[in-house]
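Chains as they are written, first to last, in the numbering used here: chain P, 1 to 233; chain C, 1 to 233; chain E, 1 to 233; chain S, 1 to 233; chain V, 1 to 233; chain L, 1 to 233.
Number of protein chains: 6
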Amino acid sequence: MRNVVVTGCPRADLAEVATLAEFGVATVHEAIGRTGYLGPGIRPVYLGSRVGGTAITVVCWPGDNLMIHAAVEQCRPGDILVVTTTSPSSDGAFGELLATSLQHRGVRGLVTTGGVRDVAELHAMNFPVFSAAVSAQGTVKATAGAVNVPVSINGQRICPGDAVIADDDGVVVVERPRIGSALAAAQARTEKENASRAAFREGALGLDRYDLRDVLSKRGVEYLDHEAYLESQ
Amino acid sequence: MRNVVVTGCPRADLAEVATLAEFGVATVHEAIGRTGYLGPGIRPVYLGSRVGGTAITVVCWPGDNLMIHAAVEQCRPGDILVVTTTSPSSDGAFGELLATSLQHRGVRGLVTTGGVRDVAELHAMNFPVFSAAVSAQGTVKATAGAVNVPVSINGQRICPGDAVIADDDGVVVVERPRIGSALAAAQARTEKENASRAAFREGALGLDRYDLRDVLSKRGVEYLDHEAYLESQ
Amino acid sequence: MRNVVVTGCPRADLAEVATLAEFGVATVHEAIGRTGYLGPGIRPVYLGSRVGGTAITVVCWPGDNLMIHAAVEQCRPGDILVVTTTSPSSDGAFGELLATSLQHRGVRGLVTTGGVRDVAELHAMNFPVFSAAVSAQGTVKATAGAVNVPVSINGQRICPGDAVIADDDGVVVVERPRIGSALAAAQARTEKENASRAAFREGALGLDRYDLRDVLSKRGVEYLDHEAYLESQ
Amino acid sequence: MRNVVVTGCPRADLAEVATLAEFGVATVHEAIGRTGYLGPGIRPVYLGSRVGGTAITVVCWPGDNLMIHAAVEQCRPGDILVVTTTSPSSDGAFGELLATSLQHRGVRGLVTTGGVRDVAELHAMNFPVFSAAVSAQGTVKATAGAVNVPVSINGQRICPGDAVIADDDGVVVVERPRIGSALAAAQARTEKENASRAAFREGALGLDRYDLRDVLSKRGVEYLDHEAYLESQ
Amino acid sequence: MRNVVVTGCPRADLAEVATLAEFGVATVHEAIGRTGYLGPGIRPVYLGSRVGGTAITVVCWPGDNLMIHAAVEQCRPGDILVVTTTSPSSDGAFGELLATSLQHRGVRGLVTTGGVRDVAELHAMNFPVFSAAVSAQGTVKATAGAVNVPVSINGQRICPGDAVIADDDGVVVVERPRIGSALAAAQARTEKENASRAAFREGALGLDRYDLRDVLSKRGVEYLDHEAYLESQ
Amino acid sequence: MRNVVVTGCPRADLAEVATLAEFGVATVHEAIGRTGYLGPGIRPVYLGSRVGGTAITVVCWPGDNLMIHAAVEQCRPGDILVVTTTSPSSDGAFGELLATSLQHRGVRGLVTTGGVRDVAELHAMNFPVFSAAVSAQGTVKATAGAVNVPVSINGQRICPGDAVIADDDGVVVVERPRIGSALAAAQARTEKENASRAAFREGALGLDRYDLRDVLSKRGVEYLDHEAYLESQ
């Protein structure tokens with residue numbers, strides 16, 4: 001990794017990102033071919049947010065938040081900070097003061113594979129934070145890293161300017177060039193889901209709606225009455 | 001495991017299960033001799049539910065929710081779906097559309113050793129879900145499994161029709177034939193706990209109420225004044 | 001470990017502890033030189049508490065809460081029970097009845113490296129609990145341990161009478177002799193943070209406020225325009 | 001769980017179990033329909049054993065090995081001790097002295113969801129041990145449990161007398177009534193694998209041997225030249 | 001992810017990769033600026049191998065090894081298979097038969113974020129395998145994935161044809177275009193380390209050799225005699 | 001934590017420590033009242049060592065091994081380095097060059113709650129290392145810490161000069177003032193175990209030797225014939 005702060009990165013269109021965010025993480029993840037999900041290990045520090053923005057990426061040394069400070073200056077309204085470390089670290093590299101600085105700049109949230117602190121204050125500020133850990137353990141500001149280089153989390157590549165969507169299901173990333181098709185696919189999927197929802201409310205079954213009876217049969221799944229099953233054991 | 005959907009399973013009496021649920025998970029676990037608890041790894045996706053129902057069991061392949069769809073058709077009012085996988089999987093095999101289908105059929109909740117998604121929507125629907133993970137990662141509908149065969153979670157055997165009780169402490173299962181005695185034991189325990197609670201509110205000590213001073217003494221526990229202790233170190 | 005219940009331990013001054021608690025866990029942890037934090041593994045069982053008190057320490061055998069009962073008798077108003085086990089145990093060694101007993105005695109909360117149960121009831125009682133696990137699994141009262149001996153959690157030594165502060169960030173411990181200096185340092189840090197917060201709200205940057213531009217430069221961090229960066233790859 | 005020591009359990013035929021053991025854990029697991037595997041969490045404490053025997057089951061309280069002592073008396077030549085605890089425990093409940101006792105009785109190994117100690121000595125004795133943890137932490141002998149009741153590990157039910165096979169891949173259990181069919185299926189599978197191995201050594205491909213080209217095609221997998229792929233990105 | 005098998009990928013020069021492998025994982029990781037390491041979670045299934053080759057990448061569905069079979073056909077002498085799954089899976093997706101097939105084709109080893117089985121046989125074949133789990137649990141061959149698309153493991157991007165080096169320290173990946181500079185840097189580092197090793201064998205200290213006394217002093221580290229330290233506490 | 005290197009610490013008597021080491025970790029842990037064990041998370045990087053020495057303690061920042069370099073200078077023949085970090089870190093902070101330096105000084109091994117690398121080389125050097133992780137990930141030398149201050153691992157306090165014993169069961173620490181009594185107790189326990197071992201080899205049972213039949217009976221454990229048990233279910 002080169003120790004660099006990359007400036008002037010292009011961002012995804014904020015209006016498009018906002019529309020995408022309304023679909024929620026699970027729908028967007030489906031809409032882009034089941035990619036982009038940052039995994040079950042990154043959780044909201046408090047439930048109830050749904051947020052979208054454009055990625056500013058940060059690579060920190062474990063136990064060190066120097067590069068988060070460098071990243072703040074690169075932030076514009078609509079950005080979301082995406083932080084990772086060169087090796088696993090649960091330390092509280094982010095808290096209320098950094099959130100204050102970000103909120104002033106119009107940043108919409110933080111995503112990190114590391115830890116955060118000041119949870120009560122972040123909650124009170126209504127600043128959405130998604131992290132792998134909560135920890136009061138402080139960090140130093142001593143070691144170089146990078147801002148706005150491509151990073152990978154849970155096998156998903158994130159470039160600066162990509163769309164980041166986060167809610168109670170976690171975080172999904174959409175590459176900038178694919179946001180247009182993601183919007184179309186999410187819209188199509190939502191319409192399909194709306195129709196399914198309406199049908200399920202009337203009592204339709206997924207078995208019929210998704211043609212699964214045939215799948216069950218082809219995979220050799222038998223139907224057996226309870227009594228017959230007990231006798232066969 | 002035989003690839004089978006077992007139909008027409010007998011269920012525990014729903015009125016009895018409802019009464020049992022009111023005692024809560026911890027009390028029921030105690031009432032049946034400290035068995036049936038599905039372990040600390042299965043947690044509510046949002047706090048604040050307490051629910052009871054009769055088990056419909058499902059065995060899925062990891063990353064595949066075909067058999068959940070097959071199970072929905074077997075559900076009746078009062079049931080709770082209990083899902084496990086043949087090997088560990090955190091994928092979001094269950095979400096809001098399946099919950100809609102289940103809610104239409106009068107199903108009271110879902111318990112899974114795997115993952116779920118659409119947490120915000122499940123919360124808004126007030127559909128209780130207890131899982132080992134939250135994950136937006138989708139699943140396929142491609143591989144055979146089983147519905148309504150006996151399963152084991154955390155060493156506890158669960159048969160279709162057994163009582164399932166879940167709250168903020170997790171999930172406990174009561175075998176169908178033992179529900180009557182569980183009710184009696186839970187009632188007795190609750191009365192005893194009510195008496196203890198009243199006594200503790202007046203300042204009684206567990207040491208006296210449970211005759212523990214004698215236990216401490218027999219196990220060789222000494223009482224030492226702080227000063228004497230420091231000197232002895 | 002000697003099997004002993006140490007009585008009559010001196011406590012930190014309760015008024016000082018209460019003042020310290022208002023600063024919160026992260027600030028106090030910083031104020032005492034980034035020590036005393038019990039780690040990210042101990043979490044509130046429900047969000048929203050901030051509490052301070054004086055430690056009563058308990059060492060239990062796994063799956064056994066005999067010594068918690070012995071510890072209750074040693075508690076005075078303002079205390080917080082700090083429980084650990086001789087080896088890892090997630091069992092629910094603490095619940096609503098013990099909390100009732102503690103609340104009667106004026107105890108302010110519980111911290112444990114093990115498990116607790118009756119989460120809904122503890123929440124309803126507004127009794128703050130910080131634990132490594134929630135588990136309905138019950139415990140026995142059969143094996144000796146210790147009350148009010150020094151214990152260590154996450155590398156932090158805790159003596160009876162030390163100050164314990166807990167909130168949504170976890171738990172921090174301040175040794176009794178250092179509470180005075182902790183108060184002064186927390187006050188100084190808070191004033192400094194208030195000034196920083198005000199500055200950040202006006203758009204100041206941590207880079208300038210903490211003189212980090214020089215650090216970045218000394219560590220060899222370069223600034224590169226996005227186009228130049230892409231060309232260099 | 002009833003606190004009971006069940007005596008005089010019937011065992012699987014030892015000659016059959018020995019034959020089954022020679023096939024190894026992975027083959028036997030396949031032969032019985034991909035069931036019976038105790039999971040990746042139970043590992044050999046040293047590599048290089050392959051062993052089979054008949055299960056003597058033990059349920060212990062965490063941190064307590066009283067019931068292992070009770071189980072020793074129930075052991076006969078050819079048995080394997082299968083130990084689990086009522087909640088997770090890594091304590092070293094088993095070591096060289098118990099192994100000496102078991103070896104005298106002709107017991108062939110130990111499987112446990114808990115911990116063991118004296119690893120160097122067990123290795124020197126050539127006594128095969130498969131466990132979830134190694135820990136020097138000792139246990140007490142104070143709490144009731146059970147011997148020779150059905151237990152469940154990783155969702156697999158194990159009854160006393162069932163066949164237990166263990167090697168570097170972990171542990172698999174075969175229900176007593178299914179050992180005959182398991183032997184036949186393992187033999188058939190081994191013959192099929194021998195043929196496959198011979199073919200693979202000659203350069204045959206699984207794609208052809210298992211008719212997977214058609215599966216790939218039906219699932220929509222395309223073949224693309226490297227250059228074409230890069231252009232399509 | 002597009003369901004595709006990419007054919008005809010260019011590979012790194014095998015002679016260069018072989019030379020690089022001799023430096024070992026830790027040295028190569030250092031030589032390329034502390035990048036490329038696949039993390040402490042991927043371990044050799046048996047100790048004692050050191051191997052290098054060119055990456056063939058595979059993305060599988062959890063519990064499904066269809067795409068490994070598709071990948072075998074794409075392998076040439078000197079390749080190493082690098083397998084990951086779309087979500088975490090410990091299943092034994094790879095074993096002795098696939099290894100036989102790979103060995104016939106001159107493949108040098110396997111790296112996987114999932115599980116493997118037939119450990120004893122792989123050891124006997126001397127086929128190096130590095131995995132996150134060992135599990136006898138079998139997989140199906142039913143779901144699409146990809147071969148030879150870029151993948152990310154532990155934040156490191158791996159393209160087909162990149163150099164993969166593995167030993168008892170785990171696995172490191174070197175991008176194809178950087179192998180030349182990696183060789184030079186590894187050689188330079190090794191010479192420096194040889195000099196350091198010779199000096200350390202004579203009693204030199206890292207404090208002097210790396211000019212760390214000054215660092216300690218600047219960071220405020222004091223030297224205190226034991227007696228003075230005790231008095232200051 | 002004060003940033004300090006404490007010099008001139010007194011050590012335990014090396015001859016006594018060597019004698020103690022011969023008893024092995026499990027026996028010494030028992031001999032000092034089941035304390036001092038550093039837990040199942042610290043494992044030998046290769047099996048087969050048994051070593052004893054006097055502790056030199058080191059506290060590092062995560063991802064930083066500056067203080068290990070400072071500690072080397074403080075080492076004398078017979079010492080064992082005991083390293084911990086201020087928050088969890090798996091990084092490879094220790095490897096072959098530091099081991100070379102330590103071996104020159106007569107240091108007998110390394111114990112760490114963090115990670116190490118160069119496993120193959122350490123094995124070849126026969127330098128015993130006990131760690132929580134193996135990782136090729138390098139560290140910096142930038143942040144202050146401490147040498148020879150008291151540290152705590154897994155709840156056990158370790159002071160410089162204490163005896164450290166390590167083998168395939170993990171690591172145990174004996175406080176310097178208790179080594180004499182530990183030796184006596186370990187000797188007594190070994191004699192008792194020798195007698196037990198001889199008895200067990202002749203077929204004696206722990207049930208009789210430890211008077212456990214009475215314990216079973218008092219705890220309400222019943223003996224039931226297999227047939228009677230099945231009928232009672």
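Positions of the beta carbon are idealized from the N, C-alpha and C atoms, including for glycine. Only a predicted model underlies this, so the values are computations on that prediction, with no experimental measurement involved.
Mind listing the chain L neighbours of residue 100/S? Cutoff is C-beta to C-beta under 7 Å, in chain order.
197, 200 and 201
Compare the C-alpha of residue 159/S against each of 142/S, 178/S and 168/S and name the closest.
178/S
Under a Cβ-count criterion, where at least 16 other Cβ atoms within 10 Å of its own Cβ denotes burial, should residue 121/S be classed as buried or exposed?
buried
Report, in whole angstroms, the separation of the C-beta atoms of residue 146/C and residue 11/C, which I expect to be a contact under 8 Å.
No, residue 146/C and residue 11/C are not in contact; Cβ-Cβ is about 18 Å, not under 8 Å.
Do the CB positions of residue 104/S and residue 203/L come within less than 8 Å of each other?
yes
Pair within 8 Å by beta-carbon distance, residue 131/C and residue 155/S
no
Do you know offhand how far residue 87/V's Cα is from residue 84/P's?
19 Å
Which runs of the alpha helix (DSSP H), 4 residues or longer, sit entirely within the segment 110 to 183 of chain C?
119 to 125
Could you tell me whether the segment 46 to 62 of chain L touches the segment 12 to 25 of chain L, using the rule of 3 or more Cβ pairs below 8 Å?
yes
Buried or exposed: residue 210/S, going by 16 or more other Cβ atoms within 10 Å of its Cβ?
exposed
Three or more C-beta pairs below 8 Å linking the segment 169 to 187 of chain L and the segment 56 to 75 of chain S
no
From 195/C, 118/C and 98/C, pick the residue whose C-alpha is nearest to that of residue 199/P; which is it?
98/C
Determine whether the beta carbon atoms of residue 61/L and residue 140/P lie at a separation below 8 Å.
yes
Does DSSP put residue 224/S in a helix, a strand or coil?
strand
To which residues of the same chain is residue 127/S closer than 8 Å at the C-beta, ignoring the five residues directly before and after it?
99, 102, 103, 109 and 110
Please confirm whether residue 307/S has its beta-carbon closer than 8 Å to some beta-carbon of chain L.
Since the first residue of chain S shown is 1 and the last is 233, residue 307/S is not available in this structure.
Just to confirm before moving on: does the CB-CB distance between residue 57/P and residue 223/E stay below 8 Å?
no
When the Cα atoms are used, what is the spatial distance from residue 149/L to residue 150/P?
41 Å
Looking at chain V, which residues of the segment 148 to 178 of chain S have a Cβ within less than 7 Å of any of its Cβ atoms?
167, 168, 169, 170 and 172
The segment 29 to 44 of chain P: positions lying closer than 9 Å to chain V by Cβ
33, 34, 35, 37, 39 and 40
Along the chain, where does the alpha helix (DSSP H) that runs through residue 55/P open and close?
Run containing residue 55/P: none in the alpha helix (DSSP H); it sits in the beta strand (DSSP E), 51 to 60.
Return no unless some Cβ of chain L is closer than 8 Å to the Cβ of residue 67/E.
no
What residue range does the beta strand (DSSP E) around residue 12/E cover?
Note, residue 12/E: premise wrong, no beta strand (DSSP E); not H, not E.
Tell me, which residues are paired with residue 82/L by DSSP?
57/L and 111/L
Residue range of the beta strand (DSSP E) that includes residue 7/V
4 to 7
Given a limit of 9 Å on CB to CB distance, which residues of the segment 68 to 89 of chain S reach chain E?
85, 86, 87, 88 and 89
I need the boundaries of the alpha helix (DSSP H) containing residue 71/S, first residue and last residue.
66 to 72
Between residue 135/C and chain P, is there a C-beta pair that is closer than 8 Å?
yes
Given a threshold of 16 other Cβ atoms within 10 Å of its Cβ, counted over all protein chains shown, does residue 142/L qualify as buried or as exposed?
buried
What residues match up with residue 43/E in a beta bridge as DSSP calls it?
131/E
With the cut-off set at 8 Å, would you say residue 63/L and residue 91/L are in Cβ contact?
yes
Could you work out which residue in 144/P, 215/P, 95/P and 191/P is closest to residue 212/E when comparing CA atoms only?
144/P
Return the CA-CA distance between residue 39/L and residue 113/L, expressed in angstroms with no decimal places.
10 Å
Please report the residue range of the alpha helix (DSSP H) in which residue 99/C lies.
96 to 104
Of the residues 107/E, 14/E and 231/E, the one placed nearest residue 180/E, counting alpha carbons only
14/E
For residue 226/P and residue 232/P, the rounded distance between their alpha carbons
10 Å
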